[in-house]
Every structure is written in C-alpha cells, then in structure tokens.
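Take a look at the structure below.
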Amino acid sequence: MSSSASSPHRIHRHPAAPWAALRVSLGTRDCYRPHSHPEYSVGIVDEGGATFHHPSGPQPVQAGSVVLIEPQVVHACNPAAGQPWSYRMLFVDAAWLHAAVARVWGLAEVPQRQEGLHFASRAVNDPVMHAVVDRLCQPIRDAATAQALAEALPRVLAGCLVAGPPQDTAPVPEELRPAIAAMQDEAGPRLTVQALAQACGMSAPRFIRRFQAVFGMTPGSYLQNQRLNGARRLLAQGSALADTAQAMGFADQAHLQRSFKAHHAMTPGDYRPPRR
33 MSSSASSPHR IHRHPAAPWA ALRVSLGTRD CYRPHSHPEY SVGIVDEGGA TFHHPSGPQP
93 VQAGSVVLIE PQVVHACNPA AGQPWSYRML FVDAAWLHAA VARVWGLAEV PQRQEGLHFA
153 SRAVNDPVMH AVVDRLCQPI RDAATAQALA EALPRVLAGC LVAGPPQDTA PVPEELRPAI
213 AAMQDEAGPR LTVQALAQAC GMSAPRFIRR FQAVFGMTPG SYLQNQRLNG ARRLLAQGSA
273 LADTAQAMGF ADQAHLQRSF KAHHAMTPGD YRPPRR
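If you read the sequence shown in the numbering used here, its first letter stands for residue 33, the second for the next number, and so on.
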C-alpha cells in the first residue's frame with residue numbers, strides 16, 4: 033500500500049498480481065480533469081455521488097453504482113461542489129485482461145487494440161452487480177486472494193464486455209494518426225503541439241481544433257495525459273521521482289509533482305510503492 037497518512041487516497045498493490053492496482057478514496061472532494069488510462073477501470077461508489085463524464089455522458093452515479101471504463105476513453109468523475117464522496121477503482125492491465133477474457137470465451141485471443149472490446153454500459157446501477165464488484169475491489173492480501181481475483185475478474189467482465197469498438201467513440205481519423213503514433217512512441221513525451229501539427233500536415237490552430245473535436249481534449253492536454261500515464265507506470269515500478277520526471281519530459285521533479293497532483297489528487301511519492 034502507498035500514500036501518506038494525511039491523504040484520503042490509497043493505492044494497493046501486491047507482487048502476486050502485477051496486472052492490478054486498487055485505488056481507495058475516502059471522503060474526498062477532489063475533482064479531476066478529463067483524462068484516460070491505458071488500463072481497464074472497474075469502479076464502485078461507496079458513499080456520496082458524482083457526475084460521470086464520458087463519451088455517452090454525463091451520467092449521475094451514487095452509492096451503489098458500478099463504473100466500467102475502457103482503455104483510452106476520456107472521462108472524469110467529479111462530486112458536486114463541496115460534497116465528499118468515497119469510491120474504489122481497480123485498474124487492470126489491458127493485455128492481461130484480453131488474454132484472460134479470451135480463455136473465458138474459449139478463443140485463442142481477443143483483439144489487443146482498445147477498440148476491439150467495449151463495455152455494454154459504463155454505469156451500472158444493479159444490486160447484484162454491486163455486490164460482485166464490491167468483492168472484486170478489495171485489497172489483495174496474499175497470493176491466494178490474488179489467484180481468486182485472477183479467476184473471478186475475467187468471468188465477471190466477460191459478461192460485461194462486447195466485441196467491437198465503442199459506439200460512442202469515433203475511430204482515429206487518418207489525418208490524425210501520425211500524431212497519435214508519435215505520442216505513443218518513446219520520444220512522445222518530449223514532443224510539442226507544433227511538431228505534432230507538422231506531422232499531420234496542418235497548421236497548429238487547425239490541428240488543435242480537429243484534435244479536440246475527435247478526442248474531447250486538446251492535443252496539449254492529451255500529451256500531458258500520456259506523460260502522466262507514463263509516470264504512473266514508472267513510479268509503479270519503483271522509479272525515482274527525478275528519473276521519472278526526466279524520462280517523461282517534465283522540466284524537473286517539481287514540475288512532475290505539480291502536474292501529477294493536479295491530475296491524480298495525490299503526489300507521485302504517494303503513488304510510488306514504499307521501498308522495502
């Protein structure tokens with residue numbers, strides 16, 4: 033587990049389940065900017081409520097709601113101004129889940145691209161589903177509970193996932209694919225919006241307008257999101273803050289600290305596993 037004692041947010045990990053991380057947030061009033069994750073996200077609201085922004089939203093969610101989000105889908109869950117809420121969010125490695133769901137479906141494989149699978153619904157208000165996800169979104173204590181989660185999670189999500197791209201998420205237009213490919217490259221964190229516009233053969237203003245119309249965020253925000261997801265990955269592996277900041281193209285460690293806290297409501301030091 034990682035987080036400072038004063039933070040309402042905790043990250044639970046276990047070496048027996050490197051494909052999963054559980055975030056537990058208690059009585060928080062923090063709001064989040066639109067963002068996306070490379071993982072599948074399986075969440076449950078424990079107390080209070082929030083507005084769930086996603087391509088088919090916004091939708092209200094409240095205690096008892098289950099939230100399901102595909103990789104790379106831009107979203108945000110924010111409580112009403114000044115109102116606390118509590119939730120848990122299980123992040124599941126996409127490649128691991130694809131392989132596990134394929135076994136449940138009796139297939140050799142499922143599409144590895146994000147657009148190959150989608151949830152039938154991203155917000156579920158059903159007591160039975162709530163009880164099931166409540167059991168899934170628990171801290172992993174040992175190898176036995178990790179194995180139990182590895183067996184139960186794919187069976188549950190296989191019943192919620194549908195083959196094919198999300199109907200509310202447009203495919204990446206051909207004209208923007210050079211920018212997306214560049215941002216996913218190792219050099220991506222150090223790119224500029226101007227360089228991305230040039231790669232797509234557009235002026236910067238036209239590129240920004242076109243990109244935002246497709247993805248729901250500016251290319252600058254998307255690039256920052258990519259940097260922060262890369263930082264999450266490195267920090268989860270135990271990378272030092274200074275090394276993480278340099279690798280992901282932040283000006284310095286303080287820049288990483290500010291950006292990470294603004295987007296994730298916790299410091300990178302809190303997100304990083306404690307040293308053993």
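Yeah, the Cβ is synthetic: ideal placement off N, Cα and C, and Gly gets one too.
Are residue i and residue j closer than 8 Å when you measure CB to CB?
i	j	result
Y72	A127	no
G75	P111	no
A297	D62	yes
P28	T60	Nothing about residue 28 can be reported from this structure: the residues present for the chain run from 33 to 308 only.
P92	T83	yes
Between which two residues does the beta strand (DSSP E) carrying residue i extend?
i	result
E79	Y72 to E79
H287	Counting along the chain, H287 falls outside any beta strand (DSSP E), though it belongs to the alpha helix (DSSP H) covering Q285 to H296.
L122	W117 to V124
T60	A52 to T60
V194	L193 to A195
V93	Q91 to Q94
H44	H41 to H44
H150	L149 to F151
So, is residue i buried or exposed, given that buried needs 16 or more other C-beta atoms within 10 angstroms?
i	result
R145	Below a pLDDT of 50, predicted positions are generally treated as unreliable, and R145, at 47, falls in that range; the measurement from the model is reported next regardless. Label assigned to R145: exposed.
H44	buried
T276	buried
H130	buried
L260	buried
The alpha helix (DSSP H) that contains residue i, what's its start and end?
i	result
P237	A236 to F247
Q179	A175 to A190
Q216	R209 to Q216
N257	P251 to A268
At least one CB of chain B closer than 8 Å to the CB of residue i: is that the case?
i	result
I101	In the structure shown, chain B does not exist; there is a single protein chain.
(request) Please confirm if the stretch 147 to 160 is in contact with the stretch 82 to 102, defined as three or more CB-CB distances below 8 Å between the two stretches. (result) yes
(request) Decide if the stretch 49 to 68 is in contact with the stretch 117 to 134; the criterion is three or more beta carbon pairs, one per stretch, under 8 Å apart. (result) yes
(request) Determine contact between the stretch 206 to 225 and the stretch 186 to 197, defined as no fewer than three beta-carbon pairs at a distance below 8 Å. (result) The count of Cβ pairs closer than 8 Å, one atom from the stretch 206 to 225 and one from the stretch 186 to 197, stays below three, leaving the stretches out of contact.
(request) Determine contact between the stretch 287 to 301 and the stretch 242 to 261, defined as no fewer than three beta-carbon pairs at a distance below 8 Å. (result) yes
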